[in-house]
Structure formats: structure tokens, C-alpha cells
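Numbering (this note's numbering), first residue to last: 1 to 128. Glycine is no exception: its CB is placed at the ideal position from the N, C-alpha and C atoms. Since the model is a prediction, treat every value here as computed from it, not as a measurement. Here the structure comes first, spelled out in C-alpha cells, and everything after it is commentary.
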């Protein structure tokens, strides 16, 4: 059973949907996830939307929702009742740090950072 099932919610549609998102469809939620992404923009760079791009996508949709709700009001309450979930970090460690000897043409993170320094880099990038 998923968290969505436990909460009695519909599965949110993916941001990259082919049907298009509009003000009404956005109100049901959007999944901005991109499987290869991580905290760092370089993580999975050939395979996904970066975390930074996912934030840009969210901001764009928030503008659309705000405009859609101008006539109805309640934008702040809608946001206050929203749920945001972020799961990340494993791709940064696996692809950009632990496996870099195999992926040296893409990443050189393990050569530049000690373990604690790399953890600090991820935290600082995530919290910016």
C-alpha cells in the first residue's frame, strides 16, 4: 500500500505528461520526480530533469494555479493544505561519488571531495 493509498488521494499526474496540465488539472497535484536526478545539477545529467529544473517547473505551475484561483480565492489556503515530498540523495552518492571510477567521463566528484566534504556539498546545495 502506498502513501497515496493511505491518504485516500489520487496519484498525481507527472509533470512531463503528454496530455498537458492546466489550472484545473494542476489542483489535483503534480509529480515532478525525475528518476536519475539528485541534489546536484550534474547528477544524472543525460537522463532527467535536474532538481533545479524541477523547482522551475513547480514555480511555473504555481503561477498557473495562482492565476486560475484569482477568481475563486483561497490560493494561500490551498498551498497550506498541500503536501510536498522530496526523496533524494542516493543518485548523488551512487552515480557521482561511489561509481565515479566507472563513470569518470561524466563525474569527478570522488576526486575532489572527502566523504564529509561531499555530504556538506549536497546539504548546502539542497538548502540553497
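Within the continuous alpha helix (DSSP H) that includes residue i, where are the two ends?
i: residue 65; result: 51–69
i: residue 76; result: 75–80
i: residue 8; result: Where residue 8 is concerned, there is no enclosing alpha helix (DSSP H), given that its DSSP letter is neither H nor E.
i: residue 39; result: No alpha helix (DSSP H) holds residue 39; DSSP gives it neither H nor E.
i: residue 115; result: 115–127
i: residue 143; result: Residue 143 lies beyond the range of the chain shown here (1 to 128); nothing can be said about it.
i: residue 26; result: 23–26
Please classify residue i: is it buried, with 16 or more other beta-carbons within 10 angstroms of its beta-carbon, or exposed?
i: residue 84; result: exposed
i: residue 38; result: buried
i: residue 95; result: buried
i: residue 11; result: exposed
i: residue 40; result: buried
Which one of the options has the shortest CA to CA distance from residue i?
i: residue 35; options: 5, 124, 51; result: 51
i: residue 90; options: 124, 119, 53; result: 119
i: residue 7; options: 77, 55, 82; result: 82
i: residue 61; options: 86, 20, 99; result: 20
i: residue 24; options: 93, 121, 72; result: 72
Report the rounded CA-to-CA distance for residue i versus residue j, giving the unit in angstroms.
i: residue 136; j: residue 115; result: As shown, the chain starts at 1 and ends at 128. That puts residue 136 outside it, with no answer to give.
i: residue 42; j: residue 68; result: 34 Å
i: residue 76; j: residue 57; result: 19 Å
i: residue 9; j: residue 127; result: 29 Å
i: residue 98; j: residue 46; result: 18 Å
i: residue 125; j: residue 54; result: 14 Å
i: residue 78; j: residue 122; result: 31 Å
Is residue i helix, strand or coil by DSSP?
i: residue 31; result: strand
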